[in-house]
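Heads up: the sequence shown at position 179 corresponds to 179 in the UniProt record's numbering, and the numbers run straight through without jumps. Every residue gets a Cβ at the ideal spot worked out from N, C-alpha and C, and that includes glycine. Here's the structure, in structure tokens; my notes come after.
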Amino acid sequence: MVQLIDRAIDKAGPVFIAVALLLIDMSALAYYLVVFPYSHDWSEASFFGKLSIIFIFIFTVYMVYCIHFHYYMAIKTHPGTMAEIYAKESDHLSGATISEHEVQVHEVLLDMEEYSDCPKTCHLPKPERAHHCSVCNQCIMRFDHHCPWIHNCVGHFNHRYFVLFMTYLVISAAYFVAFGWRPFVVSLDLLTSEWPYYFPRPLMAFSMILAICMGLAIGALCLWHYYLIFTAQTTVEFYNNYYDKKQCKRQGEVFINMYDFGFRENARRFFNVCEQFPWYTILYPIPIPPRGNGRVFEKCEEFYLLPKSRQREQIEMQREVQELEDDKDI
Ligand SMILES: [Zn+2]
Ligand SMILES: [Zn+2]
């Protein structure tokens, strides 16, 4: 039964994307054909008024572009699997010299020390923070969840795009509601008011209801993801850490999330803010890769301050819940 649902989610992926695009673009059209002309009167505006109208127009085009860019990237960017790594390694190795070969094999072996094999169909070593996705039928690096709306998993390589897509979408929905509220009321007033716009009245009303509902629903999901970013967890890890915390408490020990570098640093790491990509690049609709290879992750100082045995214990405990989680839906 679970497998059937997974297969249905996988098959329906393109339909989900088409519906999402249709709704987003219908609302964008409602904005440009109704809300924008309603809120800004070009012929009556002063020089500065005209300048501000141009600025607002550019700003809204930028927001619409950012939504589409990050949505496209979240769909097209593979979150990362071990199968890809092996394919790349063998590609590299075919053209590499012996010493290069040795270095790469050494790197993979070093990484593998921490791996356990996936018991499911992929049968490949499973890196830390990876989980098996039953819809994609693969182990996904730094797995967060499978999202039917992007017909893809949210994982190491596309989590940033997914979060930015939601961010731009929620801000745009709030903007639409704030400025579209009055034309929305006009669209409902069928008896007395005129409708001089090239956009059907019922669709304007529908766009507003959609913006409110989706804005609230995606807004909540977006806030949840920011909470996870600031605390250096994925959705799966949140539940696992909760379980681990309880275990530690029972044993009278303090639980340390080994990937938690503090509020600010966690956000910097997630968005890959560094010398190459300064903070303002978050605002650019350009492809920016995440930090690290997705197989091994840096651990915080507090973790290394723990006695070696406790470090081992925490890693073991994490691997146990990692296995437990993935065994659930066999
Ligand atoms: Zn797997
Ligand atoms: Zn998936």
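As a beta-bridge residue in DSSP terms, D117 pairs with P125. Considering only F206, I85, A74, the residue with the shortest C-alpha distance to L22 is F206.
Within the segment 256-296, the runs of alpha helix (DSSP H) that reach at least 4 residues and sit entirely inside it are, in chain order, 263-271. Around the C-beta of I54, fewer than 16 other C-beta atoms lie within 10 Å, and the residue is accordingly described as exposed. Residue state for T81 is assigned as strand, using DSSP reduced to three classes. Residue burial annotation: Q322 is buried, with at least 16 other C-beta atoms found within 10 angstroms of its C-beta.
Within the segment 213-264, not a single complete beta strand (DSSP E) segment reaches 3 residues in length. One thing to note: G180 has its Cβ within 9 Å of the Cβ of A30. The continuous beta strand (DSSP E) containing I140 extends over residues 138-140. Going by DSSP, C147 is part of no alpha helix (DSSP H) but of the beta strand (DSSP E) stretching over 145-147. In the structure shown, C133 falls within a strand segment according to DSSP collapsed to helix, strand and coil. Boundaries of the beta strand (DSSP E) around C153: 152-154. Going by DSSP, H159 is part of the alpha helix (DSSP H) stretching over 159-188. Look at the beta carbons and you see the segment 65-74 touching the segment 162-173: at least three pairs across the two are nearer than 8 Å. Taking C-beta separations shorter than 6 Å and ignoring five residues to either side along the sequence, the partners of D260 in its chain run A232, C300, following chain order. Boundaries of the alpha helix (DSSP H) harbouring F48: 47-76, taken from the DSSP string. Of all alpha-carbon atoms in L190, F59, D6, A12, the one lying nearest the alpha-carbon of L283 is that of F59.
With a threshold of 16 other beta carbon atoms within 10 Å, T77 meets it and is buried.
In the assembly as shown, A211 is a buried residue. Its beta-carbon has 16 or more other beta-carbons within 10 Å.
Contact between G80 and G294 holds: CB atoms are separated by about 4 Å, below the 8 Å threshold. With respect to the 9 Å criterion, F271 and R160 are classified as neighbours on the basis of their beta carbons. Distances from the CA of A178 to each of P14, L305, M208 were compared; the closest alpha carbon is that of M208. The beta carbon of C118 sits closer than 7 Å to those of L124, K126, H132, C139, all from its chain and outside the five residues before and after it, given in chain order.
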